[in-house]
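As structure tokens, the structure follows; a few thoughts come after it.
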Amino acid sequence: MTKELAKGYEPHDVEKRWYGEWESKGYFRAAATSDKKPYSIVIPPPNVTGALHMGHALNNTLQDILCRWKRMQGYNVLWMPGTDHAGIATQNVVERQLAAEGKDRHDLGREDFIERVWKWKAESGGQIIGQLKRLGASCDWERERFTMDEGLSKAVRTVFVKLYEDGLIYRDNRLINWCPRCHTALSDIEVEHEDHKGHLWHIRYPVAGEPGRFVTVATTRPETMLGDTAVAVHPEDERYTDLIGKSVVLPLIGREIPIIADEYVEREFGTGVVKITPAHDFNDFEVGLRHGLDKINVLDESGVINAAGHQYEGMDRFAARTRIVAELEEAGLLEKIDEHPMSVGGCYRCKTVVEPYLSLQWYVKVAPLAERALDAVKTGKTRILPKQWENTYYDWMENIRDWCISRQIWWGHRIPAWFCDHCGEVNVAMDAPTKCTKCGSDELRQETDVLDTWFSSALWPFSTMGWPEQTEELKTFYPTACLVTGFDILFFWVARMMMMGLHFMDEVPFTDVYIHALVRDAHGHKMSKSKGNVIDPLTVIDQYGTDAFRFTLAAFAAQGRDIKLAEERIAGYRNFCNKVWNAARFTLMNLEGFDPDTVSYETLEYSQGDKWILHRLNETARIVDETLTGYRYNESAMALYQFTWSEFCDWYLELSKQDIYNGSPERKQATRYVLWYTLENLLRLLHPFMPFITEEIWQALPGTKATPTIMQAPYPVACDSRSFPQDAADMERIMAVIGGIRNIRGEMEVPPSKQIAVILSCDSEDTRRLMKHNESAIISLARVSDLAIGHGIEKPEDASIQVAGDVQIYVPLKGLVDVAAEEERLLKEIGKIEKEIEMFSKKLESPAFVDRAPAEIVAKERQKLADVTAKKLVLEESLEKIKKLR
RNA sequence: GGGCGUUUAGCUCAGCGGGAGAGCACUGCCUUCACACGGCAGGGGUCACUGGUUCAAUCCCAGUAACGCCCA
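If you read the first sequence in the working numbering, its first letter stands for residue 187, the second for the next number, and so on.
Shown next, in the form of structure tokens:
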């Protein structure tokens, strides 16, 4: 039954082989209907242009851990995969290709361009799917969706029409954020603000009809003065009271504009006089509305000055700035230039400086939607974890502004609205109407704008399950169990899914939102191509294997903290994989001819060590269950790591050797059973974290398997019948004795090849029996040739001593070491103990502590002090004796 | 300007109201029949600073500083 395993773990072949097997056998498939309890997660759809980066790797590893875990727990698990059409990003990719051919999208025209994008997608889009598979992602690939596939497009149109009919979608001509390179509107959150060193230009505007009199305005954007339609002062600013109602003459242009008073003006800013440019500044736009000012747009869609800019027409906005400043200076109208730090908005796709731009766009009225989304979190229908993010969510939801959803690009869901050229009516419908619903004209033009990419993503939890059709999938899997994501898309995506889910499904889209960290480089910097500090997950996988990488991510995924990915840690977990592998090799080597099917757990007689490892295994299962339930991945990973390495390998495997090699047939059989049992359970516990190596080993284990894959084997649960706290505690006393002997060996530099004689003097009969009962373990793990156990034994004069609980350990030194070394060792040991004694004594001497601390705490401290004092006494006596030997 | 987070061993990070932990790195011994990607033993920390609460603070509270992030 058992197979030979290679000496070291070689991940690549194993990964490829098992992933292919799992996928082809349909183990990732979810049933639309099932008796099992459902558990569903929708993947945050990566951009179809995307390549796997650290963020994806973390995000998807965490989801896969949950899915594999829940699947093993017997749930009907759906992990819904797919990709996002990523409007602007994808259009940019194809436009860059065209540019390389010396063309732009207008050379192709809309239809051909879109066709070209589809072609690009078919050929090179979605490479990330293959990369997710290398990560081991157990998505139900047969259900893979795309935000622009037919079903999802229908969902998008349905939602748009319904929201329009509900009065929650409207058109308006106002200022939006405009990217002069992408030639499209952006929503507020698609603008990334960055601090820049800017300037504050002080410009003199001559007062009309009062030659020689000026007001000085301060501005960070002098070129927009071309569109000024007023200057404003604070109504209570005494410096300018007499000017209110008068006019100034706009320099360079000569247009006369009014001086108005508005409380928006900060008296302390600049000179207290500001220019008002309603078409190019968000605040000025509001002022303009209050005062009925004209809005003069001086830019075209590329950020070039238009005809309204008179002599500056055709100049780029930044060139115009330079020219205007120069000409103002020439005219003696430039008073001064101050340094001025300012925040500049950039397009989140291409980093171009965005322009507040006056245009007619479509909006979603979000206030009513936001209210429900807010309420759902406040009432706990959806939990956001870690909890601190709830406040961020509340803040944003409470201050939310209407969502600009139209984009002037071609790649995306075209807005289902048709304008009647005859009567101007806007017809919004699922499908192209043949005539105007108002006037019956057939002169209809479809809106050319497409929807914000995030509009379709907002529907993802239900559109992927077939909505608006009432499918079995929707019934079974909506709402989903958990959404795993980074905080960077909390607003872009999570908040909007909440709003749309509640509005259209009347239920939250997920009950938990788990927000994970951002992956940074080892120094805490954001990874970016320009900084050259990007670590490519695929390179890591090539180098260390998927399992090691996944385990690293899980171990780093502490809540509420960014991950600084240190490569040494990955190497450390690669070593861990190798350790698991070799533990399995050892176990299999010793299971030759062993058939677990013929052995029953109940009939075997277990040793102290057996019970200890069974107990620890049980505890580990309990901890993993608890921590994973709370999304405390790092704690699960640590518990598994410690158990595997420090307990199973370092102690149990070593303990088992003497029983396997020298034990009675019964002892040998029980040991083989416990080895098999522990390893088999451990593999299942580890599987969600390390899917490949666990499957590879599990398949090699002897015994009949109830399932064809470890993926479907039940996840271990802690049970009281396999909990042996007393035996485990006793075992730990044995381990302490072994530790004591090893300490002497180590400190005295006795090589492992040298066997030593040891005398154990126990303070009680109980302890003596325990030691005696486990003497073979002590002999074998401490490499003892001669072990004497008794109580009240006098310490031989030339022996080295160590104390473990109520056991004194004597190691006769003759021929091993010189007394000086022992003296030094004892002094060191006593030094350590003295510190402890001091601490406990101090505490117990304080009446306040003894009187007010809980009795059990005081008793505990007393016991500790007694133990430590006794130990010190023994060590001191032996130090005296050693000194005499000199 | 508003909000949030972080500060613990040389490095990367856990932890947390009652004797400071892990991995890597470091020192010593060891090619012990699973593993040198290993074993055993060991060194190393006024848990950022200042106050407060408490019998007891690395942990709770307040403030300070440095760094980072988000929003305006």
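Here a beta-carbon is modelled for each residue, glycine too, at the ideal position from N, C-alpha and C.
All values reported here derive from a predicted model rather than from experimental measurement.
By the DSSP assignment, the alpha helix (DSSP H) with residue i in it spans what residues?
i     : result
F735  : 732-742
Y863  : 851-872
L244  : 240-258
L264  : Element bounds for L264: not the alpha helix (DSSP H) but the beta strand (DSSP E), 262-266.
F1035 : 1033-1038
L777  : No alpha helix (DSSP H) contains L777, which DSSP labels as neither H nor E.
Taking the C-alpha atoms as reference points, what is the distance between residue i and residue j?
i     : j     : result
A512  : P408  : 11 Å
E525  : N577  : 36 Å
R360  : K319  : 46 Å
R331  : L630  : 32 Å
E980  : V766  : 44 Å
A963  : G795  : 9 Å
K567  : D811  : 23 Å
F878  : E754  : 22 Å
P1040 : P851  : 51 Å
W831  : S842  : 15 Å
Q988  : V944  : 11 Å
D326  : N867  : 26 Å
D414  : K461  : 6 Å
D352  : V434  : 47 Å
I1019 : A1045 : 19 Å
V347  : V614  : 6 Å
N245  : P572  : 15 Å
K193  : E935  : 31 Å
Three-state secondary structure (DSSP) at residue i?
i     : result
Y759  : helix
A899  : coil
H801  : helix
D916  : helix
A192  : coil
K750  : strand
I443  : strand
L1059 : helix
Y213  : coil
L372  : strand
G531  : strand
M187  : Low per-residue confidence applies at M187: pLDDT is 34, beneath 50, and the placement is therefore not dependable, though the value from the model is reported in the following sentence. Looking at M187 - three-state DSSP - the assignment turns out to be coil, as it is neither helix nor strand.
A1052 : helix
E693  : coil
H198  : helix
Closest by CA to residue i, which one among the options?
i     : options                 : result
R174  : G288, I315, T276        : In the structure as shown, the chain starts at 187 and stops at 1072, and residue 174 therefore has no counterpart that could be examined.
K481  : H466, E487, V490        : H466
M266  : Y350, C365, A323        : A323
F677  : A559, L865, W767, G758  : A559
I133  : K223, P366, D796, H242  : Nothing about residue 133 can be read from this structure; the chain reaches only from 187 to 1072.
R1085 : L790, T880, V234        : The question about residue 1085 has no answer here: the residues shown for the chain are numbered 187 through 1072.
V636  : E611, G626, I300, W597  : W597
E1063 : M1025, E983, V540, F673 : E983
I1068 : V997, K202, D836, Q283  : V997
A1007 : M528, S986, A286, P1040 : S986
T895  : K211, H198, E196        : K211
S907  : H801, M876, R954, L999  : H801
H388  : V401, G495, A218        : V401
A553  : L284, L349, V451        : L349
D470  : I439, T410, D428        : T410
Q898  : L871, D913, A915        : L871
Name the two residues that bound the continuous beta strand (DSSP E) containing residue i.
i    : result
Y543 : 541-550
R631 : 630-632
K461 : 459-462
Discussion item. Within 8 Å, do at least three Cβ pairs link the stretch 592-612 to the stretch 360-370?
Written reply: yes
Practice prompt. For the stretch 482-500 and the stretch 374-392, state whether three or more C-beta atom pairs, one from each stretch, are separated by less than 8 Å.
Written response: no
Discussion item. With a threshold of 8 Å, are at least 3 pairs of Cβ atoms found where one atom belongs to the stretch 696-707 and the other to the stretch 560-568?
Written reply: These segments touch.
Discussion item. Can you confirm whether the stretch 661-673 touches the stretch 225-232 when touching is taken to mean that 3 or more C-beta pairs between the two stretches lie within less than 8 Å?
Written reply: yes
Worksheet item: Looking at C-beta atoms only, is the number of pairs between the stretch 809-824 and the stretch 911-921 that lie closer than 8 Å three or more?
Response: The stretch 809-824 vs the stretch 911-921: no contact.
Worksheet entry | At least 3 beta-carbon pairs within less than 8 Å: the stretch 196-215 vs the stretch 637-654 | Judged by Cβ distances under 8 Å, the stretch 196-215 makes no contact with the stretch 637-654, as fewer than three pairs qualify.
Discussion item. Across the stretch 251-260 and the stretch 682-691, are there enough close Cβ pairs to call them in contact, namely three or more that are closer than 8 Å?
Written reply: no
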